[in-house]
Amino acid sequence: VILMSHLGRPNGSPNEKYSLKPVVAELEKLLSKKVTFAPDCVGPEVEEIVNKAEDGSVILLENLRFHIEEEGSSKDKEGNKTKADKAQVEAFRKGLTALGDVYINDAFGTAHRAHSSMVGVDLPQKASGFLVKKELEYFAKALENPQRPFLAILGGAKVSDKIQLIDNLLDKVNTLIICGGMAFTFKKTLENVSIGNSLFDEAGSKTVGNLVEKAKQKGVKLVLPVDYITADKFDKDA
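The sequence shown: position 73 = 86 (the working numbering), numbered continuously.
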(Lines of atoms letter the chains of each structure in order from A and count residues from 1; the text may use other names and numbers.)
(Lines give C-alpha, C1' and ligand atoms only; values in the text may rest on other atoms or scores of the structure.)
Protein backbone atom coordinates (compact mmCIF):
# COMPACT_ATOMS: atom_id res chain seq x y z
CA VAL A 1 0.00 0.00 0.00
CA ILE A 2 1.50 3.32 -1.10
CA LEU A 3 0.14 6.34 0.78
CA MET A 4 0.48 9.79 -0.76
CA SER A 5 -0.68 13.02 0.81
CA HIS A 6 0.13 16.67 1.42
CA LEU A 7 0.60 18.90 4.46
CA GLY A 8 0.34 22.68 4.60
CA ARG A 9 1.43 25.00 1.80
CA PRO A 10 5.16 24.54 1.20
CA ASN A 11 4.79 26.28 -2.18
CA GLY A 12 6.35 23.67 -4.40
CA SER A 13 9.66 23.18 -2.62
CA PRO A 14 10.89 21.01 0.30
CA ASN A 15 10.37 22.46 3.76
CA GLU A 16 11.20 20.43 6.89
CA LYS A 17 8.32 22.11 8.72
CA TYR A 18 5.84 20.36 6.40
CA SER A 19 7.46 16.93 6.21
CA LEU A 20 5.14 13.94 6.59
CA LYS A 21 7.81 11.97 8.45
CA PRO A 22 6.25 12.61 11.92
CA VAL A 23 3.05 10.98 10.62
CA VAL A 24 4.79 7.59 10.44
CA ALA A 25 4.70 6.92 14.19
CA GLU A 26 0.99 7.72 14.41
CA LEU A 27 0.21 5.58 11.37
CA GLU A 28 2.07 2.66 12.90
CA LYS A 29 -0.05 2.97 16.05
CA LEU A 30 -3.29 3.08 14.06
CA LEU A 31 -2.36 0.21 11.75
CA SER A 32 -0.37 -1.88 14.26
CA LYS A 33 2.08 -2.33 11.43
CA LYS A 34 5.49 -1.02 10.37
CA VAL A 35 5.31 1.92 7.97
CA THR A 36 8.23 2.72 5.67
CA PHE A 37 8.83 6.40 4.95
CA ALA A 38 10.06 7.42 1.48
CA PRO A 39 12.17 10.62 1.47
CA ASP A 40 10.44 11.84 -1.70
CA CYS A 41 7.25 11.04 -3.62
CA VAL A 42 8.74 10.38 -7.07
CA GLY A 43 12.08 9.37 -8.54
CA PRO A 44 14.42 6.34 -8.72
CA GLU A 45 14.97 6.12 -4.94
CA VAL A 46 11.23 5.98 -4.26
CA GLU A 47 10.67 3.44 -7.03
CA GLU A 48 13.41 1.25 -5.58
CA ILE A 49 11.82 1.36 -2.11
CA VAL A 50 8.45 0.40 -3.60
CA ASN A 51 9.82 -2.35 -5.86
CA LYS A 52 11.80 -3.96 -3.02
CA ALA A 53 8.88 -3.86 -0.57
CA GLU A 54 7.25 -7.15 0.40
CA ASP A 55 3.56 -7.83 -0.21
CA GLY A 56 1.45 -6.21 2.50
CA SER A 57 3.97 -3.44 3.16
CA VAL A 58 2.83 0.12 3.88
CA ILE A 59 4.88 2.98 2.43
CA LEU A 60 4.24 6.66 3.14
CA LEU A 61 5.56 9.10 0.53
CA GLU A 62 6.95 12.51 1.41
CA ASN A 63 4.73 15.59 1.00
CA LEU A 64 3.43 15.82 -2.58
CA ARG A 65 3.45 19.61 -2.40
CA PHE A 66 7.24 19.66 -2.10
CA HIS A 67 7.02 19.56 -5.91
CA ILE A 68 5.55 22.49 -7.85
CA GLU A 69 4.18 19.92 -10.29
CA GLU A 70 1.60 18.71 -7.74
CA GLU A 71 -0.46 21.92 -7.63
CA GLY A 72 0.80 23.25 -10.96
CA SER A 73 2.03 26.57 -9.59
CA SER A 74 3.65 28.24 -6.60
CA LYS A 75 3.79 31.71 -5.06
CA ASP A 76 6.72 33.66 -3.64
CA LYS A 77 6.54 35.83 -0.49
CA GLU A 78 5.27 38.78 -2.54
CA GLY A 79 2.46 36.68 -3.98
CA ASN A 80 3.97 36.40 -7.47
CA LYS A 81 2.90 33.20 -9.19
CA THR A 82 5.18 30.73 -10.99
CA LYS A 83 3.60 28.12 -13.26
CA ALA A 84 5.00 24.61 -13.44
CA ASP A 85 6.52 23.42 -16.71
CA LYS A 86 3.99 21.23 -18.58
CA ALA A 87 6.57 18.60 -19.48
CA GLN A 88 7.72 18.36 -15.86
CA VAL A 89 4.11 18.07 -14.66
CA GLU A 90 3.65 15.17 -17.08
CA ALA A 91 6.87 13.54 -15.83
CA PHE A 92 5.76 13.99 -12.21
CA ARG A 93 2.41 12.34 -12.94
CA LYS A 94 4.14 9.44 -14.67
CA GLY A 95 6.39 9.11 -11.63
CA LEU A 96 3.37 8.76 -9.33
CA THR A 97 1.67 6.35 -11.73
CA ALA A 98 4.75 4.11 -11.76
CA LEU A 99 4.37 3.39 -8.04
CA GLY A 100 1.05 1.54 -8.06
CA ASP A 101 -1.36 -0.85 -9.77
CA VAL A 102 -4.68 0.48 -8.44
CA TYR A 103 -5.54 4.10 -7.57
CA ILE A 104 -7.77 4.84 -4.55
CA ASN A 105 -8.79 8.46 -3.95
CA ASP A 106 -9.76 8.92 -0.31
CA ALA A 107 -9.02 12.66 -0.11
CA PHE A 108 -12.53 14.10 -0.07
CA GLY A 109 -11.28 17.56 0.91
CA THR A 110 -9.13 17.91 -2.21
CA ALA A 111 -11.12 15.78 -4.65
CA HIS A 112 -12.34 18.94 -6.43
CA ARG A 113 -8.82 20.14 -7.19
CA ALA A 114 -7.06 19.47 -10.51
CA HIS A 115 -3.84 18.50 -8.76
CA SER A 116 -1.53 15.84 -10.16
CA SER A 117 -2.31 13.32 -7.40
CA MET A 118 -6.04 13.83 -8.03
CA VAL A 119 -6.24 13.76 -11.82
CA GLY A 120 -2.85 12.65 -13.09
CA VAL A 121 -2.37 9.10 -11.81
CA ASP A 122 -3.05 7.08 -14.95
CA LEU A 123 -3.87 3.59 -13.71
CA PRO A 124 -6.51 1.30 -15.29
CA GLN A 125 -8.30 0.65 -12.00
CA LYS A 126 -9.54 3.62 -9.98
CA ALA A 127 -11.89 3.80 -7.01
CA SER A 128 -13.00 5.97 -4.11
CA GLY A 129 -12.01 5.16 -0.54
CA PHE A 130 -14.07 4.67 2.62
CA LEU A 131 -13.79 8.31 3.74
CA VAL A 132 -15.15 9.56 0.41
CA LYS A 133 -17.99 7.02 0.70
CA LYS A 134 -18.76 8.17 4.25
CA GLU A 135 -18.79 11.86 3.27
CA LEU A 136 -21.04 11.24 0.25
CA GLU A 137 -23.47 9.21 2.37
CA TYR A 138 -23.52 11.99 4.97
CA PHE A 139 -24.26 14.64 2.34
CA ALA A 140 -26.97 12.50 0.74
CA LYS A 141 -28.65 12.05 4.13
CA ALA A 142 -28.33 15.74 5.01
CA LEU A 143 -29.72 16.94 1.69
CA GLU A 144 -32.45 14.34 1.13
CA ASN A 145 -33.85 14.18 4.66
CA PRO A 146 -32.48 17.11 6.69
CA GLN A 147 -33.32 17.93 10.28
CA ARG A 148 -34.92 21.36 10.58
CA PRO A 149 -33.95 24.13 10.82
CA PHE A 150 -31.47 23.35 8.03
CA LEU A 151 -28.53 25.77 7.76
CA ALA A 152 -25.82 25.62 5.09
CA ILE A 153 -22.52 27.53 5.10
CA LEU A 154 -21.01 28.09 1.68
CA GLY A 155 -17.59 29.57 0.90
CA GLY A 156 -15.15 29.67 -1.99
CA ALA A 157 -13.94 32.23 -4.48
CA LYS A 158 -16.35 32.28 -7.42
CA VAL A 159 -20.13 32.59 -7.43
CA SER A 160 -20.22 31.42 -11.06
CA ASP A 161 -18.70 28.06 -10.05
CA LYS A 162 -21.45 27.51 -7.48
CA ILE A 163 -24.58 28.90 -9.14
CA GLN A 164 -26.14 25.45 -9.53
CA LEU A 165 -25.22 24.48 -5.97
CA ILE A 166 -26.65 27.69 -4.48
CA ASP A 167 -29.78 27.33 -6.61
CA ASN A 168 -30.28 23.74 -5.39
CA LEU A 169 -29.62 24.64 -1.75
CA LEU A 170 -32.24 27.39 -1.86
CA ASP A 171 -34.82 24.65 -2.47
CA LYS A 172 -33.77 22.82 0.70
CA VAL A 173 -32.33 25.10 3.40
CA ASN A 174 -33.88 27.48 5.91
CA THR A 175 -30.77 29.66 6.18
CA LEU A 176 -27.78 30.06 3.85
CA ILE A 177 -24.60 31.73 5.06
CA ILE A 178 -22.40 33.05 2.23
CA CYS A 179 -18.79 33.55 3.28
CA GLY A 180 -15.27 33.32 1.87
CA GLY A 181 -14.18 35.13 -1.27
CA MET A 182 -17.56 35.04 -3.00
CA ALA A 183 -19.15 37.09 -0.20
CA PHE A 184 -17.40 40.14 -1.72
CA THR A 185 -19.24 39.62 -5.03
CA PHE A 186 -22.57 39.58 -3.16
CA LYS A 187 -21.72 42.62 -1.02
CA LYS A 188 -20.49 44.74 -3.92
CA THR A 189 -23.40 43.78 -6.19
CA LEU A 190 -26.15 44.17 -3.58
CA GLU A 191 -24.85 47.00 -1.40
CA ASN A 192 -22.09 48.58 -3.53
CA VAL A 193 -19.60 47.92 -0.72
CA SER A 194 -16.06 49.04 -1.51
CA ILE A 195 -14.01 45.82 -1.62
CA GLY A 196 -10.60 47.13 -2.73
CA ASN A 197 -8.53 44.37 -4.33
CA SER A 198 -10.64 41.59 -2.83
CA LEU A 199 -12.06 38.91 -5.12
CA PHE A 200 -14.87 39.98 -7.43
CA ASP A 201 -16.52 37.53 -9.81
CA GLU A 202 -17.82 39.61 -12.74
CA ALA A 203 -19.68 36.71 -14.37
CA GLY A 204 -21.12 35.54 -11.06
CA SER A 205 -22.28 39.04 -10.13
CA LYS A 206 -24.87 38.89 -12.93
CA THR A 207 -26.65 36.00 -11.16
CA VAL A 208 -26.64 37.46 -7.64
CA GLY A 209 -29.95 39.31 -8.09
CA ASN A 210 -31.78 36.18 -9.25
CA LEU A 211 -30.37 34.10 -6.39
CA VAL A 212 -31.41 36.70 -3.80
CA GLU A 213 -34.89 36.90 -5.34
CA LYS A 214 -35.28 33.12 -5.19
CA ALA A 215 -34.19 33.15 -1.52
CA LYS A 216 -36.97 35.68 -0.77
CA GLN A 217 -39.56 33.61 -2.62
CA LYS A 218 -38.54 30.45 -0.76
CA GLY A 219 -38.39 32.20 2.61
CA VAL A 220 -34.68 31.42 2.95
CA LYS A 221 -32.68 33.71 5.20
CA LEU A 222 -29.52 34.78 3.36
CA VAL A 223 -26.67 35.80 5.69
CA LEU A 224 -23.60 37.77 4.53
CA PRO A 225 -20.59 39.01 6.56
CA VAL A 226 -21.04 42.38 8.24
CA ASP A 227 -17.47 43.25 9.22
CA TYR A 228 -13.97 42.57 7.91
CA ILE A 229 -10.30 42.94 8.68
CA THR A 230 -8.48 44.81 5.91
CA ALA A 231 -4.80 44.32 5.12
CA ASP A 232 -2.17 45.29 2.54
CA LYS A 233 -2.13 41.76 1.10
CA PHE A 234 -3.83 38.39 1.51
CA ASP A 235 -1.15 36.67 3.57
CA LYS A 236 -0.50 35.49 7.13
CA ASP A 237 2.30 38.09 7.32
CA ALA A 238 0.08 40.95 6.11
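Glycine included, every Cβ here is placed at the ideal spot set by N, Cα and C.
Under the three-state DSSP convention, the category residue i falls into
i, result
"residue 179", "helix"
"residue 163", "coil"
"residue 81", "helix"
"residue 140", "strand"
"residue 236", "strand"
"residue 225", "helix"
"residue 86", "strand"
Distance between beta carbons of residue j and residue i, contact taken as under 8 angstroms
i, j, result
"residue 77", "residue 130", "5 angstroms"
"residue 25", "residue 80", "6 angstroms"
"residue 233", "residue 199", "Not quite, the Cβ-Cβ distance comes to about 14 angstroms (not below 8 angstroms), so this is no contact."
"residue 195", "residue 172", "5 angstroms"
Spatial distance of residue i from residue j (CA atoms)
i, j, result
"residue 72", "residue 181", "42 angstroms"
"residue 151", "residue 241", "32 angstroms"
"residue 105", "residue 35", "24 angstroms"
"residue 197", "residue 21", "26 angstroms"
"residue 61", "residue 135", "20 angstroms"
"residue 87", "residue 161", "43 angstroms"
Closest by C-alpha distance to residue i, when choosing among the options
i, options, result
"residue 124", "31, 141, 238, 136", "141"
"residue 250", "21, 92, 143", "92"
"residue 68", "138, 160, 15", "15"
"residue 193", "122, 236, 70, 54", "236"
"residue 244", "121, 176, 219, 210", "210"
"residue 102", "115, 90, 127", "127"
Under 8 angstroms between C-beta atoms of residue i and residue j
i, j, result
"residue 201", "residue 208", "yes"
Closer than 8 angstroms to chain C by CB, residue i
i, result
"residue 246", "The chain labelled as chain C is not found in the depicted structure, where only one protein chain is given."
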